[in-house]
Amino acid sequence: MADGTYQFHAEPSRAARPHEGTVSFANGRWTLHALRGLRNYSDGGSYEIRDSTAVITGKLGTGYWKRSVE
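Each step along the sequence shown adds one to the number in this note's numbering, with nothing skipped, and position 24 is 738.
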């Protein structure tokens, strides 16, 4: 996963309802801005890449994101 800004859609299993928007990754830090679901929600934290999974930490705890190909 290269540094950059990506669109996302999240289907959390608890803590929050589904949401989507943009997330930016650079130098082990990330920022998120939700546009739907959790409208106007912003978050940020650190991340590391393990194989094809980004392990992120933020307000909602630790999450594991996989990039989907569409």
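Glycine included, each C-beta is placed from N, C-alpha and C at the ideal position.
(request) Determine the direct distance from the alpha carbon of D717 to that of W744, and round the result to whole angstroms. (result) 9 Å
(request) Compute the Euclidean distance between the alpha carbons of L746 and G735, then round it to the nearest angstrom. (result) 7 Å
(request) Ignore the nearest five residues each way along the sequence and tell me which others in G742's own chain have a CB closer than 8 Å to its CB. (result) S760, Y761, E762
(message) Can you tell me whether L752 is buried or exposed? The criterion is at least 16 other CB atoms within 10 Å of its CB, across all chains shown.
(response) buried
(request) Answer with buried or exposed for A740, where buried requires no fewer than 16 other C-beta atoms within 10 angstroms of its C-beta. (result) exposed
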